[in-house]
Amino acid sequence: EQANDDAVQMAFDDAYSSQAGDDYIKYWTDYAILPKRCIVYNDVDVIVFTVHQQGYKQCTDEPIGTYITPVPNFLQGYLQYYMQIQEDKGYDDYELPDAANYAYCTRTVIQNQEYWLQIGCTDGTSQSISVNIYEDNTCTTRSTLDGYDDANIDVSEIQLPFKHCQACVMWVDKNDDEIDDMFYENRQTNAPLCSTAWNYKETCNRKCQRTGLEPREKDGWSTPDKILLAILAIFGFGMLVAILRKRQNMSNKDALLEQAAMSAAGLQQAHVIGIFVLIVIVITVFALLQLKNITWALLLIMNTALFGYLMKLTVDSGVSAGETVIGPDGTIIRHADSDDSSVESSTHGGKNNNAGTYHLPTIA
């Protein structure tokens, strides 16, 4: 009997493949499906999903397309898929939850009024399904109770795995004596979830793909971020003021040495000022655009550079303050705090009346 069923299934597959067109998929082994969200599109509750040809990549590869399938059809395929897995595990007596009946249009009476129930999208979210209320036995005309078209029925046991990649074929370890020759062939060709979604699919265009998208919340500056930004900005401004003061008190010799170093690097003072102003503008723009990572990085780099330059000026001024120049006769002719353009000289006898004459120092 099993062999006859397998032969009938293969004959059906061959007949269907000849009529299905170029997008017919016979073997689902390498495919995966990703249910993305549940939306109402053209007044129909549908599941938006993508199909991936390299299932081992867990739906991280480029999908072969984005499609929509009515929620009841998609759920029916998912429930059959789940049943197949349970049977392969040996749970032959497994039964689906009662909520699975709502995959089909089901009659009910609510407050002495006849209604029809069927699974659809949940109001207010695109990541859940619920039982919707309809007025007709085809479940096309929506009805509302207390302002909502969702029935208060628990469907947690049949929720779809939104945003979770599902392999089209789920293999379960089985002993060879538990299966027949056509077991693996049947599992590759009979993939209830993917084949059902594929058979009832429609292409999801750009408008469809934008429907139901949750608005992206910008990761703006929090209060602690703003406080830290203010501290770093004040710290940088304070170091800049200290640098300007130290440069004003810089000796002519140190200023000339620094100018020579910049010239050797091909820079002028105007270039350095322009680069600094540009960096400040760039940091401000990135901060306004709420690009947090690059703003933090540039602000820390700028403060580190300012701190390093301030330390250099501090060390240089300390060294200069300790310098004393002694003439060949042992007389102090310049202190570090004197201007380099003036040289203070003195002799042991007061005024030197014989300029240009070299006197040997007296050795006691």
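If you're matching positions, the sequence shown starts at 766 in the working numbering and goes up one per residue. The beta carbon of each residue, even a glycine, is placed where N, CA and C say it ideally should be. All values derive from a computational prediction rather than experimental measurement.
Opposing strand residues paired with residue i [DSSP bridges]
i    : result
A932 : A797
F814 : P800 and Y832
T873 : Y880
S908 : S908 pairs with nothing; no bridge assigned.
T968 : Y832
C886 : I894
V809 : Y806
Y867 : According to DSSP, which records beta bridges pairwise, Y867 is partnered with nothing at all.
D915 : N897
Proximity of residue i and residue j at Cβ, strictly below 9 Å
i     : j     : result
I961  : G842  : A small fix is needed here, since residue 961 is Thr in this sequence, not Ile. Yes; because the gap between Cβ atoms is below 9 Å, this pair is in contact.
Y965  : F839  : yes
I1038 : L1064 : no
T834  : I812  : yes
T954  : T831  : no
D853  : V920  : no
P1203 : P828  : The chain is shown only over 766 to 1129; residue 1203 falls outside these bounds and no answer can be derived.
I798  : T815  : yes
T1069 : L994  : no
Q818  : Y792  : no
T976  : I804  : yes
L1071 : R1012 : no
D941  : D915  : no
K1057 : D990  : yes
R802  : L1053 : no
W963  : D826  : no
Whole-number beta carbon distance between residue j and residue i, since they are thought to touch under 8 Å
i     : j     : result
I1044 : M1076 : In fact, because the Cβ distance is near 19 Å, the residues do not count as touching under 8 Å.
S908  : E900  : 4 Å
C870  : C824  : Not really, about 32 Å apart at Cβ, beyond 8 Å.
E922  : A998  : With 8 Å as the limit, E922 and A998 do not qualify as a contact, their Cβ atoms being about 55 Å apart.
Limits of the unbroken alpha helix (DSSP H) element including residue i
i     : result
S1016 : First-last for S1016: undefined, no H or E at that position.
N964  : P957 to N964
T954  : F948 to T954
T1049 : Q1034 to L1053
Contact set for residue i: own chain, Cβ-Cβ below 7 Å, skip 5 residues either direction
i     : result
Q924  : S893 and I894
L958  : I798, G842, Y843, Y846, Q931 and C933
Y1074 : I1008
A868  : P837, L840, Q841, L844 and I884
K822  : none
L1005 : L1071
Y806  : I833, C973 and T976
Beta-carbon contacts of residue i that lie in its chain and below 6 Å, excluding the five residues immediately before and after
i     : result
S1107 : For S1107, the predicted structure reports a pLDDT of 45, less than 50, and the residue's modelled location is therefore unreliable. A value from the coordinates is still provided. Here the set comprises nothing.
I918  : V896
D1104 : At D1104, the pLDDT of 48 sits below 50, so the modelled position is not reliable and the matter cannot be decided from this model.
D810  : V836, G885 and C886
A1026 : none
R872  : W881
R952  : V934
Beta-carbon proximity list for residue i, same chain, < 8 Å, skipping 5 on both sides
i     : result
V874  : Y880
Q974  : V813 and T831
I898  : I875, Y880, W881, L882, R907, S908, T909, L910, D914, D915 and A916
Y859  : M848, Q851 and E852
Q1024 : Q1034
9 Å Cβ cutoff, residue i in contact with chain E
i     : result
L1064 : Annotation note: the requested chain E is absent from the structure, which comprises a single protein chain.
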